[in-house]
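Engineer: Structure incoming, see below.
Numbering (the numbering used here), first residue to last: 2 to 126.
Okay, structure coming up:
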């Protein structure tokens, strides 16, 4: 079981990702803002964080740096409608496992969860 945090200002995306993660047997928290996300991160040891790169009223790169400082062990995955080429230059100093372009397919998300789970299992062995 992975402890996951979903950060997105789109209620439907938060709901659909939470459904996928719950079906896969993972513990899930959601946040719709940077402040809410950082509060969750301060109180819970997350294994993986799925974060929208275009949150309203948020500097995504700054939020990701803060998340990485608070939870350095958490794997970061970015969700965005922006092309990857527009995101990567803004990620200097931020370790991200994947950038997933919206719209995405549920199987893409499941594959990433399996990769993180398998990686987590091999690290603990």
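We put the beta carbon where it would ideally sit given N, CA and C, even for glycine.
#1: For residue 126, does the three-state DSSP call read helix, strand or coil?
#2: Rounded to whole angstroms, how far is the Cβ of residue 54 from the Cβ of residue 5, which I believe are closer than 8 Å?
#3: Using only the alpha-carbon positions, how far apart do residue 18 and residue 73 sit?
#4: Are there 16 or more other CB atoms within 10 angstroms of the CB of residue 15, so buried, or fewer, so exposed?
#5: Is the separation between the beta-carbon of residue 81 and that of residue 102 shorter than 9 Å?
#6: Let me know the secondary structure DSSP gives residue 28 once reduced to three states.
#7: So, residue 92 versus residue 49, is the Cβ gap smaller than 9 Å?
#8: With a 10 Å radius around its C-beta and 16 neighbouring C-beta atoms as the bar for buried, classify residue 38 as buried or exposed.
#9: Expressed to the nearest angstrom, what Euclidean distance is found between the alpha-carbon atoms of residue 126 and residue 47?
#10: Taking 9 Å as the cut-off, decide whether the C-beta atoms of residue 110 and residue 100 are in contact.
#11: Could you pull out every residue in the same chain whose Cβ sits closer than 8 Å to the Cβ of residue 97, ignoring the five residues on either side in sequence?
Structural biologist: This is what the structure holds:
#1: Here residue 126 refers to the residue found at position 125 of the chain shown. Note that residue 126 scores a pLDDT of 44, beneath 50, so its modelled location is shaky; the value from the coordinates is reported in the next line. Note: residue 126 maps to coil in three-state DSSP.
#2: Sequence index remark: in the chain shown, residue 54 carries index 53 (1-based). Sequence index remark: in the chain shown, residue 5 carries index 4 (1-based). Residue 54 to residue 5, Cβ: 17 Å. No contact.
#3: Within the chain shown, numbered from 1, the residue matching residue 18 stands at position 17. Within the chain shown, numbered from 1, the residue matching residue 73 stands at position 72. Taking the straight line from one Cα to the other gives about 22 Å.
#4: Stepping through the chain shown from its first residue, residue 15 is reached at position 14. Taking all protein chains in view, the Cβ of residue 15 is crowded by 16 or more other Cβ atoms within 10 Å, so the residue is classified as buried.
#5: Taking the chain shown and counting its residues from 1, the one referred to as residue 81 is at position 80. Taking the chain shown and counting its residues from 1, the one referred to as residue 102 is at position 101. The criterion of a C-beta distance shorter than 9 Å is satisfied by residue 81 and residue 102.
#6: Here residue 28 refers to the residue found at position 27 when the chain shown is read from its first residue. Correct three-state label for residue 28: strand.
#7: If you number the chain shown from 1, residue 92 lands on position 91. If you number the chain shown from 1, residue 49 lands on position 48. Taking 9 Å as the Cβ cut-off, residue 92 and residue 49 do not qualify as a contacting pair.
#8: Locating residue 38 in the chain shown gives position 37, where the first residue counts as 1. So residue 38 ends up on the buried side.
#9: Residue numbering aside, residue 126 sits at position 125 when the chain shown is read from its first letter. Residue numbering aside, residue 47 sits at position 46 when the chain shown is read from its first letter. Any answer about residue 126 is weak, because its pLDDT of 44 lies below 50 and its placement is not dependable; what the coordinates show is given next. Straight-line Cα distance between these residues: approximately 19 Å.
#10: In the chain shown, counting from the first residue as 1, residue 110 sits at position 109. In the chain shown, counting from the first residue as 1, residue 100 sits at position 99. Not in contact: residue 110 and residue 100 (Cβ atoms no closer than 9 Å).
#11: The residue you call residue 97 lines up with position 96 of the chain shown. Excluding residues within five positions, the ones whose Cβ falls inside 8 Å are 65, 77, 78 and 79.
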